[in-house]
Structure formats: C-alpha cells, structure tokens
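Asks:
Chains as they are written, first to last, in this note's numbering: chain A, 1278 to 1396; chain B, 1278 to 1396; chain C, 1278 to 1396; chain D, 1278 to 1396.
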C-alpha cells in the first residue's frame, strides 16, 4: 500500500458519490452523523461480549467479515468527511500524537499499569 | 505522505500505548467503544448547526482546530482497533468500495438526485 | 399513565431479562453500550434528511413506526441501566433541570434567538 | 412520582427551551443527534472499565454524580425528541415489550444462559 492508496480511496469515494448525485446529502454534518452511526454499528458487534470473547471475534468467519465491513464503513465516512472539509487526516493524526507525547509523558518505568487517559 | 505513514502512525500509536502500559485496556471491545465515543464528540460540534453553517466550520480557527482534533482521535482509535485485530483497514475499504460498486450500479445519467442508500 | 407505569415498565423489562437468563450480560457497561447503539439507530433514520424532512418523519407510517420502535429501545436500555445501578431516572432529570435553570438563567426577553448551550 | 412527573418534566423542558428561544434548534434530527451524543458521554465513563469495575461505578461519589447527570441528559433529549414528534414514549415502550414477548418467548427453563438477542 502507498499513500496513493489513501488519496486513491478518497478519490474513488468521491467519484462514487458524484456519479450517484449524492453530493447534496454529503454535508459535513450529515457525514459526521453517518460516521458516528457506523462506529456504533461496529460497537454493536461487541456489546454483549466479554473482553475475552471480543479478542476472538476474528476467529469466526461471519463475525470477522462483519467487523471488517464495519471498519471499512467507518473509514469511508471519515475520509469523505475530511474530503469535503479539506482536512488531511494523516497529518491531523501525526500532529495529535505529537501533542499527546508532550501532554502525557511516558513514565520512566512502564512496568506499572496506569489509568488510561480519557482523551 | 506514503503508506509508510499509515503503518508508521499505527506503530507510533502502539508504542505510545505500550510505554504507558495501556495495552490491557485496549481490548477490541474497549477500542470500539472509544472509537464510537470519539465519533460522537465530532458530531457534537455539528449537532445544533444548520447544513450551511456546518459547511463553514473550518472558517473559524477554534472550531476548525476542534474538528481536526476529533478527526485525529477517530483515526487513532480506528487504527488501534485494526492493529489489535490484525485488520488491514485500507484493504478493507478497497474491498468494500468494490462490493458497493457492484451493489449500487451508477445510473446512466447522474443528473437525477437519488435517495442515499442507508449502508 | 401513572408513575406505576415507569416502575411497571422497569419491572417488565427486568422480568423479561431474568426469564431469558440475560442478567449476566446486563452489566452497566454493556447496557451503556447498548443504549448508545440504540440512540445511533434512531439517528440513522435522520442522517440524510433535511431539517424540514426530519420534521415530517411521522407522516409516513413506515418511518413513523421505525422511529417509535427505536425510541422504545432507547428507553428500554435507559431504564434497565438505571435499574441495575439503582438510579431514579425521573428524580435525576428533575434535579438536572433545577441545576440548568440556575446555570442558564432565562433572558428577560426571549425574543432574541440565543446560541444553544452545548450541555 | 406520578405520571404527572413524566408529563411535568416534558413541560418543564419545553418551557426551558422556549424561554431561551431554542426551539428553532430543536428539529427532530438535531435532537436525535444530541440524544446520541449524550448516550456516548454516558458510555465514555465506562469505556476503559472492566465489567466488575463498571458494576461499582456508583460507589465513588464523583463518578456516581457523573453517571446520574448523563442519565438525566439522555432522558431530557429523549423526552424533547418525543415531544416535538408527538410520540408517547411510555406507550411506545409498553407496545415494544408486548412485541418482544411474542418474538422471543421465554424458555421453559430459564436455567440455561441464552445468547442475548441483538435487538
């Protein structure tokens, strides 16, 4: 995979929407709602599972396919959202990791389990 | 940006979590919940906006920063989720677009606005 | 309807879960996830609608039924969540409205449209 | 508490919104988005907790208050959503329980743990 791929996927998604005349529906607000709905559909697969069961979800072909399919939907709406607002999502994440490394310095010893930050 | 970037971001996120001993928290179930929570934080920015206001959200530096920050959080949890389950998220999306192109053929004329599919 | 109804609905939901031996699944965490998933299923109905279309959603019997059904699911998980944690949801809301009336005093003139608080 | 309470809470919420001129914001679509955002804020409290920790969340006064506060927000937006669309939420839930009792008959013996239905 190359970066061409992220740009290429974004281009394929834009062409897909344009050829179906879906652009009027793709306001940032609607795409943010759709992204959140897809993320919930992913969560739905896990809602009644124990932590241990959740770790084995790819072992069953049906649930593995469903998980992969929902992950694709989440990324699809995230990329379309970023496309309509002109956001470079990879640069946004790189900058966020930089900020988090400054905000939450790694402990000297990583041996002690820390509470997870909420951010 | 190169594909190295997606792999690189995934590696930085994994190192970040490992050095803080957060791995026990990062079950697929917890990461799916966190992804859904971050997607809702993005939606929160838009919840009271008109469609027109939502299209101008990047014009204000504060809301533009907030949107970019939430987008980064969504991608961060999506990549971490895929990492723990061994899912190639770019391949998953490429396969999904292939399936959608077969399921929802583009109309001969794109001039007529179609209802958006729910998927 | 009487308050008996809220308590009665909560009792029916508890009996329903108990007779199917679902109680082990009904941790507060799982019920919070299920509540959030159902709220997203309600949102899904509206995600591509204009504000005007969203106001007419009950006029179509099918979408009206779907909305009513999702609203019931949201309340069902909210009441079950409150039941397992011993929270009186009506008292919680009454107390919250009291706090909001103190936090966001009504303007002398309500004629000017105010920005919506985010809370 | 009496049924007057649900109607009364709904009335107080409507007055609160009217006196702040928030009604134009309270489209069904916006209220569905806000409901989903609040449900996610409730989930956020639980996202890194084990099932066991989640069962003890009310023991800590701070997290107990936060949970109660988010529960109130969820009910507030659910009641406002139902108000603007003319839905009787208690009747909707009673009808849904009736349907579920028909769809998922209780087993003769409740001793065997069943898989949870996804609905």
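Ideal Cβ placement from N, Cα and C applies to all residues, glycine included. Treat the numbers as computed from the prediction; the structure is a model and nothing was measured.
In three-state terms, what does DSSP make of residue 1360 of chain D?
Replies: Here residue 1360 of chain D sits in helix by DSSP.
Asks: Thinking just about the alpha-carbon of each residue, which of D:1317, D:1299, D:1365 is nearest to the one in residue 1287 of chain D?
Replies: The candidate whose alpha carbon is nearest that of residue 1287 of chain D is D:1365.
Asks: What does residue 1314 of chain C reach in chain A if we use C-beta pairs closer than 7 angstroms?
Replies: Ordered by position in chain A, the residues that pass the 7 angstroms Cβ test against residue 1314 of chain C are 1317, 1320, 1321, 1324.
Asks: When the Cβ atoms of the region 1303–1314 of chain D are set against those of the region 1349–1367 of chain D, are three or more pairs found closer than 8 angstroms?
Replies: The region 1303–1314 of chain D is in contact with the region 1349–1367 of chain D.
Asks: Say whether chain D places a C-beta atom closer than 9 angstroms to the C-beta of residue 1311 of chain B.
Replies: For residue 1311 of chain B, the answer is yes, since a Cβ of chain D falls inside 9 angstroms of its Cβ.
Asks: Would you report the Cα separation of residue 1285 of chain C and residue 1367 of chain C, rounded to the nearest angstrom?
Replies: Their backbone Cα atoms lie some 14 angstroms apart in a straight line.
Asks: Candidates D:1370, D:1376, D:1380, D:1354: which alpha carbon is nearest residue 1308 of chain D's?
Replies: The residue with the shortest Cα to Cα distance from residue 1308 of chain D is D:1354.
Asks: Please confirm whether residue 1348 of chain B and residue 1340 of chain B have their CB atoms less than 9 angstroms apart.
Replies: No; because the gap between Cβ atoms is not below 9 angstroms, this pair is not in contact.
Asks: Jot down the residue ranges of each uninterrupted alpha helix (DSSP H) in the region 1309–1364 of chain B, minimum 4 residues, whole runs only, in chain order.
Replies: Correct list: 1328–1332, 1338–1362.
Asks: For residue 1378 of chain C and chain E, any beta-carbon pair shorter than 9 angstroms?
Replies: Absent from the structure is chain E; the protein chains it does hold are A, B, C and D.
Asks: For residue 1381 of chain A, collect the residues of the same chain with a Cβ closer than 7 angstroms to its Cβ; drop the 5 residues on either side in sequence, then sort them by chain order.
Replies: Excluding residues within five positions, the ones whose Cβ falls inside 7 angstroms are 1394.
Asks: Buried or exposed for residue 1342 of chain A, going by 16 or more other Cβ atoms inside 10 Å?
Replies: Its Cβ having fewer than 16 others within 10 Å, residue 1342 of chain A is exposed.
Asks: Since residue 1402 of chain B meets chain C, which of its residues come closer than 8 angstroms, beta carbon to beta carbon?
Replies: Outside the displayed span of chain B (1278 to 1396) sits residue 1402 of chain B, for which this structure offers no information.
Asks: Beta-carbon of residue 1384 of chain D versus every beta-carbon of chain C: anything under 9 angstroms?
Replies: Answer yes: the Cβ-Cβ gap between residue 1384 of chain D and chain C drops below 9 angstroms somewhere.
Asks: Is the CB-CB distance between residue 1350 of chain C and residue 1318 of chain C below 9 angstroms?
Replies: It is a contact, given that the beta carbons lie within the stated cut-off.
Asks: State the DSSP-derived secondary structure class of residue 1381 of chain C, mapped to helix, strand or coil.
Replies: Residue 1381 of chain C falls in the coil class under three-state DSSP.
Asks: Please tell me whether residue 1337 of chain D has its Cβ less than 9 angstroms away from any Cβ of chain C.
Replies: No, because no Cβ of chain C sits closer than 9 angstroms to the Cβ of residue 1337 of chain D.
Asks: If you reduce the DSSP assignment to three classes, tell me which class residue 1394 of chain D lands in.
Replies: Looking at residue 1394 of chain D - three-state DSSP - the assignment turns out to be coil, as it is neither helix nor strand.
Asks: Would you say residue 1283 of chain B and residue 1356 of chain B are within 9 angstroms of each other, going by their C-beta atoms?
Replies: Yes. Within cutoff.
Asks: Compile a chain-ordered list of the residues in the region 1285–1297 of chain D whose CB is closer than 8 angstroms to at least one CB of chain C.
Replies: Flagged, chain order: 1286, 1289, 1290, 1293, 1295, 1296, 1297.
Asks: Would you mind sorting residue 1336 of chain D into buried or exposed? The rule is 16 or more other CB atoms within 10 Å of its CB.
Replies: Exposed is the call here.
Asks: Mind checking whether residue 1310 of chain A and residue 1326 of chain B have CB atoms under 9 angstroms apart?
Replies: No, these two residues do not count as a Cβ contact at 9 angstroms.
Asks: In terms of alpha-carbon separation, which member of A:1377, A:1324, A:1378 lies closest to residue 1392 of chain D?
Replies: That would be A:1324, whose Cα lies nearest to the Cα of residue 1392 of chain D.
Asks: Do residue 1289 of chain C and residue 1374 of chain D have their C-beta atoms closer together than 9 angstroms?
Replies: Contact flag set, yes.
Asks: Mind pulling the chain C residues with CB within less than 9 angstroms of residue 1381 of chain D?
Replies: Going along chain C in sequence order, the residues near residue 1381 of chain D (Cβ under 9 angstroms) are 1293, 1297.
Asks: Could you list which residues in chain A have their beta carbon closer than 7 angstroms to that of residue 1331 of chain B, in chain order?
Replies: Result: 1304, 1305, 1306.
Asks: Could you check what DSSP says for residue 1373 of chain D in three-state terms: helix, strand or coil?
Replies: Three-state DSSP puts residue 1373 of chain D in a helix.
Asks: Which residue's Cα is closest to the Cα of residue 1316 of chain A: A:1379, A:1352, A:1378?
Replies: It is A:1352.
Asks: Could you check whether residue 1345 of chain A and residue 1332 of chain B sit closer than 9 angstroms to each other, using their CB atoms as the reference points?
Replies: Not in contact: residue 1332 of chain B and residue 1345 of chain A (Cβ atoms no closer than 9 angstroms).
Asks: Which class does residue 1298 of chain D belong to by DSSP, given the choice of helix, strand or coil?
Replies: Coil, per DSSP.
Asks: For residue 1387 of chain C, name the three-state secondary structure that DSSP assigns.
Replies: Reliability of the predicted coordinates at residue 1387 of chain C is poor, the pLDDT of 47 falling under 50, and the value obtained from them is presented with this limitation in mind. In the structure shown, residue 1387 of chain C sits in coil (DSSP, three-state: anything other than H, G, I, E or B).
Asks: Identify, in the order they occur along the chain, each residue of the same chain with its Cβ nearer than 6 angstroms to the Cβ of residue 1376 of chain C, setting aside the five sequence neighbours on each side.
Replies: Same-chain partners within the cutoff: there are none.
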